[in-house]
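Undergrad:
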Amino acid sequence: RVAYVNDEYVSAKDARISIFDRGFLFADAVYEVTAVIGGKLIDFDAHMQRLERSLREIQIPNFWRIEYLRQIHERLIILNDVQEGLIYLQISRGEADRDFAYPPTQTRPTLVLFTQQKSILNASLSAKGLSVIAVEDLRWGRRDIKTVQLLYPSMAKMLARQRGADDAWLCDGDYVTEGTAQNVYIVKNKTLVTRSLSKSILGGITRAAVLKCATGFNIEIAERAFSLAEAKSADEAFSTSATTLVMPVVEIDGCTIGDGLPGPITKNLLTQYIKELV
Ligand code: PDD
């Protein structure tokens, strides 16, 4: 397997960065995960536009044009023969003496990419639906920036596993914010509800595409916060992300959602997403 580290294609197992890299010491880094299906990148430009925004928000200079990043992605797909899976890209502020303040002179940001083979299409199409538990959302207040600060979502996912569930939905007070690495939705009386964009959630690329697909359906779309109680009594629930597409959720904290099977609107949105983007 080949990875990319600062202008070089290297064997993934030999790829190295400095112990002084601010990504390692301060989680001072942002990332993107783009799905690959049939050897093709899914919604690539949107992912790179969000990357540019993340970099801007934490003042890491952006030295890379989208076209250049596309070339690296495409080269890695070929080198690693990725038919289905993902490409992970991370940019950190780079290497500097450990200090909370950003380095006074411009460091060279560290750019890293690697690939992972993963079944996406079949896994989504045949999904029976997930069981999730609700966990308090204790992440920081700038969840709109895609930083590599992922310890809390990791803890929440492990807690879910330890309790016999598949994943966790995070709650800010009574209201659901996101999954551990997904945007979340409910359907009630033919209204699709998903939290509106703010600093509380990541603006998912899949979210934007799925909401666009939904405008062609005969349903209402409400972008607003929904409570955990509302979710438990919904007709359908699902989550979205680049690597899980539209994933049904059939149980929340032991409560069965609808009839316990993936709902019709959820399934239609998955089909439409695949039709339009894959
Ligand atoms: N996670 N919310 C959070 C907190 C996320 O980490 C992600 C993506 C999403 C969905 O965004 P998108 O549709 O652009 O993938 C929402 C990626 C997949 C990850 O960390 O692996």
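In this text, residue positions in the sequence shown follow the UniProt record's numbering: the first is 11, and each later residue adds one. The C-beta atom is built at its ideal place from N, Cα and C for all residues, glycine as well.
1. State the Cα-Cα distance for the pair Trp179 and Pro113, rounded to the nearest angstrom.
2. What number of angstroms, rounded off, separates the C-alpha of Gly268 from the C-alpha of Leu238?
3. If you reduce the DSSP assignment to three classes, tell me which class Ser249 lands in.
4. Could you give the residue range of the beta strand (DSSP E) that holds Gly189?
5. To which residues of the same chain is Ala232 closer than 6 Å at the C-beta, ignoring the five residues directly before and after it?
6. Which parts of the stretch 134-219 are runs of the beta strand (DSSP E), unbroken and 3 residues or longer, counting only runs that do not cross its ends?
7. Does the Cβ of Asp38 have 16 or more other Cβ atoms within 10 Å, making it buried, or fewer, making it exposed?
8. In whole angstroms, give me the CA-to-CA distance for Ala137 and Pro272.
9. Can you tell me the Cα-Cα spacing of Ser141 and Tyr195, whole angstroms?
10. What is the residue span of the beta strand (DSSP E) that Ile29 lies within?
11. Please list the terminal residues of the continuous alpha helix (DSSP H) segment that includes Phe54.
12. Using 8 Å as the threshold, is the stretch 214-233 in touch with the stretch 76-83, meaning 3 or more CB pairs across them?
13. With a cut-off of 8 Å on the beta carbons, I'd call Val40 and Leu65 a contact; round off their distance for me.
14. With C-beta atoms as the reference, is Gly139 less than 8 Å away from Lys209?
15. Looking at Ala106: is its Cβ nearer than 8 Å to the Cβ of Arg32?
16. Counting only the same chain and skipping the five closest in sequence on each side, list residues whose C-beta sits under 6 Å from that of Arg118.
17. Going by alpha carbons, who is nearest to Ile155 out of Thr276, Gln59, Leu89, Gln126?
18. Which partner residues does Glu42 have in the DSSP bridge list?
19. Does the distance between the C-beta of Leu280 and the nearest non-hydrogen atom of ligand 1 fall short of 7 Å?
TA: Inspection of the coordinates gives the following:
1. 37 Å
2. 15 Å
3. strand
4. 185-189
5. Thr201, Val203
6. 140-146, 177-182, 185-189, 193-198, 201-204
7. buried
8. 8 Å
9. 14 Å
10. First-last for Ile29: undefined, no H or E at that position.
11. 54-67
12. no
13. 6 Å
14. no
15. yes
16. Gly104
17. Gln59
18. Leu99
19. no
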